Amino acid sequence: YNTEKLIEQDLAHLFHPVTNLYRHSQTGPLVMVEGKGSRVKDAGGKWYLDGFAGLWNVNVGHGRSELAEVAAEQMRRLAFQPTFFGMATPPAIELAAKLSELLPHHSHFQFTSGGAESNETAIKIARYYWALSGQPQKTKIISRRMAYHGIAMGALAATGMPAYHADFGPLPPGFLHVSAPYAYRNNPGLSESDFVAMLAQELEQTIGREGPETIAAFIAEPVQGAGGLVPPPEGYWQVIPQILKKHQILLIADEVITGFGRTGKMFAQETYGFQADITSFAKGVTSGYVPLGGVGVTPEVYAVVSRPDRMFMHGFTYSGHPVACAVGLANIAILERERLWENAALRGEQLLRGLERLLDHPNVGDVRGKGLMALVEVVEDKSTKKSFAPSQGIGAKLQAATRKRGLIVRCNDTGIAISPPLIITEAEVDEMLSILADSLDEVFA
Ligand code: PLP
């Protein structure tokens with residue numbers, strides 16, 4: 021590779037997503053060229069442990085040539101036909117059938133090309149469901165602060181982080197937010213069960229204030245990811261669905277990160293023992309080898325939306341792309357053959373126990389995680405939980421310190437998020453923990 025030329029072209033032409041574009045123009049890109057297992061290599065030949073699995077998605081690890089072969093074979097045979105006009109392809113049909121085995125409370129699946137499209141689809145199915153049920157006023161969507169559901173307008177409105185909303189308004193109306201089950205800052209010293217009761221009461225009050233007859237769905241990540249990695253307190257996923265059911269509000273589980281093994285079971289609904297009316301997924305369904313996402317719905321939802329006098333006016337050109345679906349099937353076969361959710365549970369425990377040792381550090385306020393998704397929250401002052409100001413550039417310093425030591429993780433001013441491929445080994449988790457400890461020592465020396 022001509023790295024210098026690539027960097028020059030990047031700066032001249034590549035408009036990076038979710039990036040401080042000015043800062044990028046000063047630092048340039050880290051150009052990545054190859055991956056094998058849990059590791060990736062940059063254009064200069066340096067290898068890194070991929071402690072973020074790409075973007076929470078390379079669940080089966082890098083360099084699986086069987087996925088490349090499946091994609092090439094499907095492209096040669098039939099690169100594209102839609103699932104529109106009553107047509108379908110074998111991979112789209114077979115993947116929908118496979119998913120109904122993995123999520124047995126869902127009977128039907130529609131595909132998209134990613135997480136945001138999946139959540140748009142889920143939100144629109146929920147509204148459509150109520151419109152066809154004779155309650156067209158049930159349109160509002162409740163989500164949680166700190167939620168990340170993607171950046172298309174509907175998913176963005178459901179996203180609970182003001183930084184993503186600023187300067188992109190007006191957002192579509194009808195989206196409400198309740199508190200995240202974020203014990204570190206939102207629990208005022210209650211027991212875990214009282215904290216759940218407090219969150220339940222807030223949801224009840226919100227529903228009461230708005231009127232249940234105006235609310236279509238509640239959308240939530242079983243474990244909040246990008247917004248700050250928040251595993252729910254014990255009992256949360258028993259109490260919340262009961263409230264929704266009582267008020268006839270559909271539950272949408274956003275399993276874009278948690279699906280396909282990351283929390284220690286194939287889906288987090290199994291990890292936490294609840295069942296959503298609609299599940300959205302993406303990322304791990306293909307381990308990122310090609311873009312794919314989708315939603316699953318229950319037979320009850322499907323029965324309503326498939327009414328004889330209506331046409332479901334929603335879908336994308338690439339809803340059920342045959343190459344993506346073929347890779348999805350092969351990727352799920354790898355997850356099942358290697359039982360990778362079990363490794364996620366085992367290595368996730370090792371990771372969390374190791375991260376807990378970092379709590380002695382003067383600037384580590386909290387560590388938390390579930391399966392192979394975890395976070396080290398850094399604070400300027402542990403007694404007041406005061407966060408670092410962006411001007412202190414802590415995120416950039418943590419990124420430089422970890423990358424220098426050969427680890428890719430997601431660093432920002434509030435901490436370090438970790439989400440390695442589900443194939444990660446015991447030795448690699450130890451390596452990651454030791455790099456994290458050394459990096460924190462360097463940045464906060
Ligand atoms: N939902 C969750 C929980 C996510 O973490 C993400 C992306 O990180 C999305 C939705 C959006 O997915 P995409 O970026 O594929 O649109």
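Numbered according to my numbering, the sequence shown spans residues 21 to 465. Virtual Cβ for every residue (Gly too), placed ideally from N, Cα, C. Just so it is clear, the structure is predicted and the values come from calculations on it, not from any experiment.
A Cβ-Cβ separation of about 4 Å places residue 283 in contact with residue 391 under the 8 Å criterion.
By the neighbour-count criterion, in which a residue is buried when 16 or more other Cβ atoms sit within 10 angstroms of its Cβ, residue 292 is buried. Taking C-alpha positions only, residue 275 is separated from residue 301 by approximately 5 Å. Of the heavy atoms belonging to the ligand PLP, at least one sits nearer than 7 Å to the Cβ of residue 170.
The shortest CA-to-CA distance from residue 56 to any of 336, 83, 72 is the one to 83. Taking a contact as a CB-CB distance under 8 Å, the pair residue 441 and residue 452 does not count as one, their CB atoms being some 12 Å apart. By the Cβ-count criterion, residue 51 is exposed, with fewer than 16 other Cβ atoms from all chains shown falling within 10 Å of its own Cβ. Residue 428 is not a Cβ neighbour of residue 360, given a cutoff of 8 Å.
By alpha-carbon distance to residue 77, the top candidate from 239, 126, 348, 180 is 348. With contacts defined by Cβ atoms closer than 8 Å, residue 304 and residue 332 do not form a contacting pair.
Annotation for residue 140: 172, 174, 175 place their beta carbon closer than 6 Å to its own, counting only its chain and skipping 5 residues before and after. Rounded to the nearest whole angstrom, the C-alpha separation of residue 65 and residue 327 is 57 Å. Spanning the alpha carbons of residue 306 and residue 103 requires a straight line of approximately 19 Å.
Membership of residue 462 in the alpha helix (DSSP H) is indicated by the continuous run 446-463. For residue 116, the CB contacts under 6 Å within the same chain, skipping 5 residues up- and downstream, are 129 in chain order. About 15 Å separates the Cβ atoms of residue 109 and residue 119, ruling out a contact at the 8 Å cut-off. The beta carbon of residue 249 sits closer than 8 Å to the beta carbons of 243, 388, 389, 393, 394, 395, 437 from its chain, once the five residues preceding and following it are set aside; these are given in chain order. Around the beta carbon of residue 363, 16 or more other beta carbons sit within 10 angstroms, so the residue counts as buried. In the structure shown, residue 195 adopts extended strand secondary structure according to DSSP, grouped into three states. The C-beta distance from residue 202 to residue 181 rounds to 12 Å, too long to fall under 8 Å, and the pair is not in contact. A buried status is given to residue 58, since no fewer than 16 other beta-carbon atoms sit within 10 Å of its beta-carbon. Excluding the 5 residues flanking it on each side, residue 410 has same chain C-beta neighbours closer than 6 Å at 433, in chain order. For residue 397, the three-state secondary structure derived from DSSP is strand. Three or more beta-carbon pairs separated by less than 8 Å link the region 260-279 to the region 227-241, which places the two stretches in contact.
When DSSP states are grouped into helix, strand and coil, residue 53 belongs to the strand group. Between the C-alpha atoms of residue 384 and residue 335 there is a straight-line separation of about 45 Å. Measuring C-alpha to C-alpha distances from residue 369 to each of 358, 417, 445 identifies 445 as the nearest. Minimum Cα-Cα distance from residue 461 among the listed residues 124, 337, 421, 158 corresponds to 421. For the ligand PLP, a non-hydrogen atom lies closer than 7 Å to the CB of residue 246. The alpha-carbon of residue 255 is positioned some 23 Å away from that of residue 161. As computed with DSSP, residue 67 is found in a beta bridge with 61. Distances from the CA of residue 90 to each of 465, 457, 372, 350 were compared; the closest alpha carbon is that of 350. Using a Cβ distance threshold of 8 Å, residue 125 and residue 295 count as a contacting pair. Remark: C-beta atoms of residue 342 and residue 37 do not approach each other more closely than 8 Å.
If you draw a straight line from the Cα of residue 457 to the Cα of residue 378, it comes to about 7 Å. Excluding sequence positions up to five before and after residue 330, its CB lies within less than 8 Å of the CB of 152, all in the same chain and listed in chain order.
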